[in-house]
Each structure stands twice: as structure tokens, then as C-alpha cells.
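Colleague: Numbering (this note's numbering), first residue to last: 10 to 590.
Even for Gly, the Cβ is constructed at its ideal location relative to N, Cα and C.
1. Taking all protein chains shown into account, do 16 or more other C-beta atoms lie within 10 angstroms of the C-beta of residue 390, making it buried, or fewer, making it exposed?
2. On the three-pair Cβ rule with 8 Å, is the stretch 263 to 272 touching the stretch 56 to 65?
3. Does the beta-carbon distance from residue 128 to residue 79 come in below 8 Å?
4. What separation, rounded to the nearest whole angstrom, lies between the Cα atoms of residue 158 and residue 542?
5. Leaving out five residues on either side along the sequence, give the residues of the same chain with a beta carbon under 6 Å from the beta carbon of residue 153.
6. Determine the DSSP secondary structure at residue 278, reduced to helix, strand or coil.
7. Can you grab the Cα-Cα spacing for the pair residue 548 / residue 135, in whole Å?
8. Checking the sheet assignment: what are the DSSP bridge partners for residue 266?
9. Just the C-alpha distance for residue 28 and residue 113, rounded to the nearest angstrom, thanks.
10. According to DSSP, is residue 94 helix, strand or coil?
11. What separation, rounded to the nearest whole angstrom, lies between the Cα atoms of residue 523 and residue 515?
12. With DSSP run on the structure shown, which of helix, strand or coil describes residue 171?
13. For residue 384, count the other beta carbons within 10 Å of its own beta carbon; 16 or more makes it buried, fewer makes it exposed. Which is it?
14. With burial defined as no fewer than 16 other Cβ atoms inside 10 Å of the residue's Cβ, what is the status of residue 96: buried or exposed?
15. Can you give me the C-alpha to C-alpha distance between residue 305 and residue 298, rounded to a whole angstrom?
16. When you compare only the Cα positions, how much space is there between residue 151 and residue 199?
17. Which same chain residues end up closer than 7 Å to residue 465 when comparing Cβ atoms and leaving out the 5 residues on each side of it in sequence?
18. Find out if the Cβ-Cβ distance for the pair residue 564, residue 582 is shorter than 8 Å.
19. What would DSSP say about residue 120, mapped onto helix, strand or coil?
20. Spatial neighbours of residue 111 within its chain, please: CB distance less than 6 Å, with the 5 preceding and 5 following residues excluded, ordered by chain position.
21. Taking the straight line between their C-alpha atoms, what separation do you get for residue 498 and residue 532?
22. Under three-state DSSP, which class holds residue 271?
23. Based on DSSP bridge pairs, tell me the residues matched to residue 218.
24. Spatial neighbours of residue 44 within its chain, please: CB distance less than 7 Å, with the 5 preceding and 5 following residues excluded, ordered by chain position.
25. When the distance is taken between beta carbons, is residue 70 closer than 8 Å to residue 38?
26. I need the straight-line Cα distance from residue 90 to residue 169, nearest angstrom please.
27. Just the Cα atoms here: how many angstroms apart are residue 322 and residue 374?
28. In three-state terms, what does DSSP make of residue 551?
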């Protein structure tokens, strides 16, 4: 292990790096801000301190961040920095909910305001998850246009991206992890239970910080990612010590993180009295912008409650009127029958005539009362109808806004797919190519069916000779959907040559290859450009990345050919839909 773990790396700090200790060891700013990272370690090993060190250095350089704080331990950063502290506790600058998500994303991305999203005070986990999901959604949507380096840190990430399965917030965070990089949006997950974190998320991260772990199920994860020698050594690390694995140089270093400069709100309480520092606050104008949203939300809720209360009162009055109406009908019918009975009496006496007049008067009064009751009943029902309409309109305000946002995002994605598809096919996106695209989709569907028939007729064997494997690679690379994706990757990578080098190296070795093997194929000394090319291909599902101990290995993703074709087909369908729009 001593030959692989570099204890003596001395890196000079610069504006492009994040120093992590006094020895000069550092991390590249852009890779941290835009990549995928994890900070792992048992409670008390120093993982939150290491995350805070990274945040402090980013804030010193003027980069805003957003921290999802599950245990309320990051407010100590306000000792030195002006951050917006949002959540549900009284100690927060403002209590917020999912309705504030878009404004929060706007403040941190467009106004460069660092944010601590403290979810420790929410009584219901559903409320905090809805807030995190909505904030992530708006960060991703805005970054598609802004494309500025920005890091989202999530504490206790195993609660949101668990190995057991993903809910809506988990799918949102995975979306950021997979697709955020090309928009400048990075994600760092922090956890004391790596065994409970979705394993694909950990293995596909660009940078790892592994602090002390002792539980068997956690050290098994270390063995899978770093190698068996590290699964034993990691149990002996001191506080603040960590194994640092980075994709850009494919190395594992043993490093010691410095202590953070700001107040440690997450330290285990002792017998001595803790002096809470004075905390800085952001501008009151910024808080007032969020308060306006809260006040508007509360006003809408109050108006809905007032209308519902009024509606209940009116409905009770309608029930009362209907009862009175029924009684009036009974009296009127009784008077009608009594009048008929009197009419049959041949005796024409004055008392009978007076009684008849009295009954007729009662009948007229009750009939008039019935008419009045019916009119009031109709009027109240009309008012109730209007009230219900207003209640429904107010209650659906947020839902309509969400539908509009989703529609807007879908249209943007369709537009992007339309342009990418047009470029990939060599078409002018401004002309109507719907018919040609339909023919192309039908052709691709036919190709898929042909290959499926070939697969059913030639089941995959456990062992294949090299010529067969090369043939499989060649068929994969000759597929039009794969070629289109490789062309797109060439445009994104630092040079098309490096993308070609990745593919050539895999073909030459006829198996998965390391970054160093790809660099040898390209006759270059650094693997930085190799990492860029691999990531461009990986994001399009053309290659897979796996860990063999501390080494990243790359192979062609031949098992996912159907999915690659399906993605191309979806893009073609999106282009057709865009044309019709």
C-alpha cells in the first residue's frame, strides 16, 4: 500500500486549486465545483470538517455554494462568511418551504449568495424532501442557461440516494449527478454509512475522500472501490486523515485535512462551556424578498380558509332553507286539501266562508314563502358556485405554476434534442425534415428488430474467442446511433483525437483499458485529456467506467446498445414533435 498511497505530494496553492492542509496538498477548483464527489467516514472521523474546509476555501475565492444541512451543524460558517441560513428553526434567517425553491436558486446562482438549507427543523420528512427536490430542480433548470461552476453539497446523502431505491428527490439528485456536469452543476454527497449509499453513485464519482470506517459492511465498499489493502488500513486512520482518490490523476493519496477555521457547530458536546460566536447575516433586502413569498403564500392560504368557512356557512343555510321549504309545502298541501273538503260542503254558512278565506290566506302566504325560499336558495347556490370556483382557482395556483415550469423545461429539452439531432444527422434545424426523420426512425426500428432476431438465434456464450469479441466491438461502433453519439462526444471533449484514442485503445486491447493505457495509445504523458474524453463518452452511454482496486477501467458499453438506439429514437421523436410545435 505504501507504494501506492502518496504521503509526500506537495502541491503549490493557486487560484485554481483548493488547499486542504498546510503541506500544500490541494484539489482543482473546477473539478470540485462541476464534478461528482463523496466524503465518507464514520461519525467523528472528520468528514464534515473536510467538507467545511472545501466550502471555506471556495467561499474565500468567491464561489457560492448550497449546502443541504441535515443536522444543523453548518451555521458556524456564518462566523466568517455572509451566508443565507434557511430552514424551519427560529435560528434560521427565514423559515422556507417548497414555494421558495425557485427564489433560493435565483439568489445563489444569479446573486452569488451562499446558502445553508437547514432541513433539521422540519417535523415531516416529506416537507424537507419536497424542498430539496424543488431546489435541485430549479438549480438544474437555471444552470442550463447560466452554465457557471457551482457545487451542491448534501449531508447524510444515504437518506436521499439510498441503495434500497430512489424516490423523487433521489431521482432529482441522480439527474444532477449524471447530467449536471455539462451545465456546470456539481454534486458532493457526504455520509457516515457508505454501504447504504447507492453504489453506482459512489463508483461513478470523480473524487472521493475516505475517512475512518470500521463497520464490516462499510469496509466492504472500501475494498470494492479502493482495493483490499485499503479496507484494513482505513480502520486505523486518525481524525482528519483520509484516502483521497481522484479520477483526473487516477491516484490514491493519504492526506491530513486541516481543521476548519470557523465555529464547529457539529462538535460533540463536552463538560466545558461552549461560547457561541457572533454570526454574520446577509442583507435584510435579500431576506425580505423571501419573506414576500412567505407572506403571499400565507395570504393565499388565509383567503382559501376564509372562503371555505363562508362556503360551509352558506351550505348550512341552504340545508336550513330546504327544511323550511319542505315544511311550507306540507302546510300548503294541507290547506289545499282542507279547501277542497270545504268546497264539497253544500252548507253555505258565514263561519264556513270565513274559514275558507282564512285557509286561502294561509295558502297564499305559504306559497309566497315558498317562492322566497326558493329564490334565496337559488341565490345562495349561485354564490356557493362562485365561491367554489374561487377556492379551486386559489388552491391550484401552485399546481398551474408547476405545470408551466415542467412544460417549459420539456420544451427546452425538446429544443435541445431537436438541435442536437439536426446537427448529428447533418440537417438544417430550421427546415422541415419531419418526413426524412420518420423514415430514419423506421429504418432504425427495423435494425433493432433484425439484431434482436440475431440475438435470439445466437445466444451469448460465456467464453468467446478474440475474433468474436472484436466483431462485437466492430458491430457496436458501426451502429449509426453509436456513431452519432461519438460525434457529439468529440465536440464536447478537449479534442476529437482523444475520443478516438479511447475507442482505439479498447479495440487494440480487446478488453477494458486504464487511463494510462489510453494515454500510451495516444502517445501523451498526462491523463487529464483522457478523463475529459472518457467522461464525454460515458455521459452518452458509449463506454462504462469501473473500479479495479484504485484503477479506473474503461470499456465499450456493448450491453446497452438497445438503450443507445432508444435514446437516439427518442431524440428523433422529440425533433418531430418540435417540428409540429
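Modeller: Concretely, from the data shown:
1. The residue in question, residue 390, is exposed, as its Cβ has fewer than 16 Cβ neighbours within 10 Å.
2. Yes, the stretch 263 to 272 is in contact with the stretch 56 to 65.
3. The answer is yes: Cβ separation under 8 Å.
4. For residue 158 and residue 542, the distance between alpha carbons rounds to 19 Å.
5. If the five residues before and after residue 153 are omitted, its C-beta is found closer than 6 Å to the C-beta atoms of 192, all from its own chain and listed in chain order.
6. In this prediction, residue 278 scores a pLDDT of 47, lower than 50, which makes its location untrustworthy; the coordinate-derived value is nonetheless stated afterwards. The answer is coil: DSSP assigns residue 278 none of H, G, I, E or B.
7. In a straight line, the C-alpha of residue 548 is about 31 Å away from that of residue 135.
8. DSSP lists no partner for residue 266.
9. Counting only the Cα atoms, residue 113 lies some 29 Å from residue 28.
10. Strand at residue 94.
11. If you draw a straight line from the Cα of residue 523 to the Cα of residue 515, it is about 9 Å long.
12. Strand, per DSSP.
13. That one is exposed.
14. Buried: at least 16 other Cβ atoms inside 10 Å.
15. Each residue's alpha carbon lies about 11 Å from the other.
16. Computed Cα separation, rounded: 24 Å.
17. With a pLDDT of only 45 at residue 465, under 50, the local geometry of the prediction cannot be trusted, and no value is derived from it.
18. Going by C-beta atoms, residue 564 is not nearer than 8 Å to residue 582.
19. Coil.
20. Answer for residue 111: 147, listed in chain order.
21. So the two alpha carbons sit approximately 21 Å from each other.
22. Looking at residue 271 - three-state DSSP - the assignment turns out to be coil, as it is neither helix nor strand.
23. The partner list for residue 218 (beta bridge, DSSP) reads 48 and 253.
24. Result list for residue 44: 190, 195, 215 and 216, in chain order.
25. Contact flag set, yes.
26. Going from the Cα of residue 90 to the Cα of residue 169 covers about 28 Å.
27. In a straight line, the C-alpha of residue 322 is about 27 Å away from that of residue 374.
28. In this structure, residue 551 counts as coil in the three-state DSSP scheme.
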